[in-house]
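Following: one structure in structure tokens, then a few remarks.
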């Protein structure tokens, strides 16, 4: 269950942001990456002004055939489907307003532990019939803002390095527009406050699990980690300009006005990062 399935307020706020972004960038294409069931796209389209809806082309990037079918049954011919962001950008000639919700956390994260005054990656050993964590020898580290912070012995952190590599594969092809990234997480300085074991966790039968239990029932548990929004901004610096991330609650207040306390409380756990191609691309 994601935020759009609980309330339409995020969808309304995103629609207001998209309306502003389309006007500022003079683009007519909107791309959602990882649209899930299509609920958020439906809310966004429904909350755009009628004439803007007519002249805007909507694109969904979805690699799952099953989810793509669900989206088609919900949205019909209102949207164009693509299996990759590269294909979607090609269809838009590199000019589009882009948004995603809970996309980054779906990418694999690498887990590191501070051991003996240095970071070592946590790996899994299956050789003895059970899953046991082990620390790999010291090696070259992926770029991350958390690695330069001071942490005590035993602190664990997660780095969504696969998302960084994915970004680098397509950002040079994006010529004009704006991008909105929404996910649960925080900035590097706040993400691990009072979290010595990091944020890695799993959900199974709607129950949260941590520690060694997350490796039980492989394939049936939803394993996830919070997103470091400082990393997202720094990784895209060669191509994008970023606005300081805000909570989804503040984003809703900015673009939708007042909201019920329950929605704002839930939204305070999510962050929103707005970006656009750098001046050299415009």
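Residue numbers (our numbering): 1 to 282. Quick reminder that beta carbons are idealized off the backbone N, C-alpha and C, glycines included. A quick note: this is a predicted structure, and the numbers were derived from the prediction, not measured.
Identity of the residues DSSP links to residue 186 by a beta bridge | When DSSP reads this structure, residue 186 sits in a beta bridge with 228.
With DSSP as the reference, label residue 52 as helix, strand or coil.
-> Of the three classes helix, strand and coil, the one that applies to residue 52 here is helix, per DSSP.
With 16 other Cβ atoms within 10 Å as the buried cut-off, status of residue 132 | Burial call: exposed.
Pull up the distance between the alpha-carbon of residue 247 and that of residue 129, whole angstroms please.
-> Separation of residue 247 and residue 129 (C-alpha to C-alpha, rounded to the nearest whole angstrom) is 43 Å.
Report the partner residues of residue 43 according to the DSSP bridge assignment.
-> According to DSSP, residue 43 bridges with nothing at all.
Could you pull out every residue in the same chain whose Cβ sits closer than 7 Å to the Cβ of residue 157, ignoring the five residues on either side in sequence?
-> Cβ-Cβ distances below 7 Å link residue 157 to 112, 146, 192 and 198 in the same chain, with the five nearest sequence neighbours on each side left out; the list follows chain order.
What is the rounded straight-line gap between the Cα of residue 207 and the Cα of residue 27?
-> In this structure, the CA atom of residue 207 is about 43 Å from the CA atom of residue 27.
Quick one, which of 85, 227 and 102 has its alpha-carbon nearest residue 95's?
-> Of the listed residues, the one whose Cα sits closest to residue 95 is 85.
Selection from 200, 98 and 219 that minimises the alpha carbon distance to residue 228 | The closest CA to that of residue 228, considering only 200, 98 and 219, is found on 200.
Do the stretch 66 to 78 and the stretch 9 to 29 make contact, defined as three or more Cβ pairs closer than 8 Å?
-> Taking a cut-off of 8 Å on C-beta distances, the stretch 66 to 78 does not touch the stretch 9 to 29, as fewer than three cross pairs fall below it.
When the Cβ atoms of the stretch 249 to 256 are set against those of the stretch 213 to 222, are three or more pairs found closer than 8 Å?
-> As far as the Cβ criterion goes, the stretch 249 to 256 does not touch the stretch 213 to 222, which means the pair count is below three.
Using the Cα positions of residue 120 and residue 137, report the straight-line distance between them to the nearest angstrom.
-> The C-alpha of residue 137 is placed about 7 Å away from the C-alpha of residue 120.
With a cut-off of 8 Å on the beta carbons, I'd call residue 182 and residue 97 a contact; round off their distance for me.
-> Wrong, their Cβ atoms sit about 14 Å apart, outside the cutoff.
Residues near residue 42 in its chain [Cβ-Cβ closer than 7 Å; skip 5 each side] = For residue 42, where only same-chain residues beyond five positions count, the Cβ hits under 7 Å are 74 and 75.
Of all the options 110, 35, 56 and 153, which has the alpha carbon lying nearest to the alpha carbon of residue 100?
-> Relative to the Cα of residue 100, the nearest Cα in the group 110, 35, 56 and 153 belongs to 35.
Close Cβ partners of residue 12 (< 6 Å) along its chain, the five nearest in sequence each way excluded = Within the same chain, residue 12 has close Cβ partners 47 and 256.
Over what stretch of residues does the beta strand (DSSP E) that includes residue 203 continue unbroken?
-> Residue 203 -> beta strand (DSSP E) spans 201 to 204.
Can you tell me which of the three DSSP states residue 249 falls into?
-> Reduced to three states, the DSSP call for residue 249 is helix.
State yes or no: is the C-beta of residue 143 nearer than 6 Å to some heavy atom of the ligand MN?
-> Questions concerning the ligand MN fall outside what the structure shown contains, since it holds no ligand whatsoever.
Sheet register partners of residue 82 (DSSP bridge) = Bridge partners of residue 82: 61.
Residue 38, buried or exposed, once every other Cβ within 10 Å from all chains shown has been counted against 16 = Under this definition residue 38 is a buried residue.
Alpha-carbon spacing of residue 140 relative to residue 190, whole angstroms = Separation of residue 140 and residue 190 (C-alpha to C-alpha, rounded to the nearest whole angstrom) is 25 Å.
Assuming residue 271 and residue 185 make a contact with CB atoms under 8 Å, what is their CB distance in whole Å?
-> Their Cβ separation, rounded to whole angstroms, is 6 Å, which keeps residue 271 and residue 185 in contact under 8 Å.
Would you verify that the beta carbon of residue 196 is, or is not, closer than 7 Å to some beta carbon of chain E?
-> Annotation note: the requested chain E is absent from the structure, which comprises a single protein chain.
Whose C-beta lies closer than 6 Å to the C-beta of residue 274 among residues of the same chain, with five residues either side of it excluded?
-> Apart from the 5 residues on each side of it in sequence, residue 274 sits with its Cβ closer than 6 Å to the Cβ of 180 and 243 in its chain, given in chain order.
State the CB to CB distance for the pair residue 337 and residue 278, rounded to an integer number of angstroms; the pair is presumed to be in contact (CB under 8 Å).
-> Here the chain comprises residues numbered 1 to 282, so residue 337 is not present and cannot be evaluated.
Would you kindly work out how many angstroms separate the C-alpha atoms of residue 57 and residue 165, rounded to a whole number?
-> In this structure, the straight-line span from the alpha carbon of residue 57 to that of residue 165 is close to 28 Å.
Own chain, CB closer than 6 Å to residue 195, minus 5 neighbours either side, in chain order | Nothing meets the Cβ criterion.
Are the beta-carbon atoms of residue 87 and residue 59 separated by less than 7 Å?
-> Going by C-beta atoms, residue 87 is not nearer than 7 Å to residue 59.
Residues bridged to residue 119 by DSSP?
-> Residue 119 pairs with 114.
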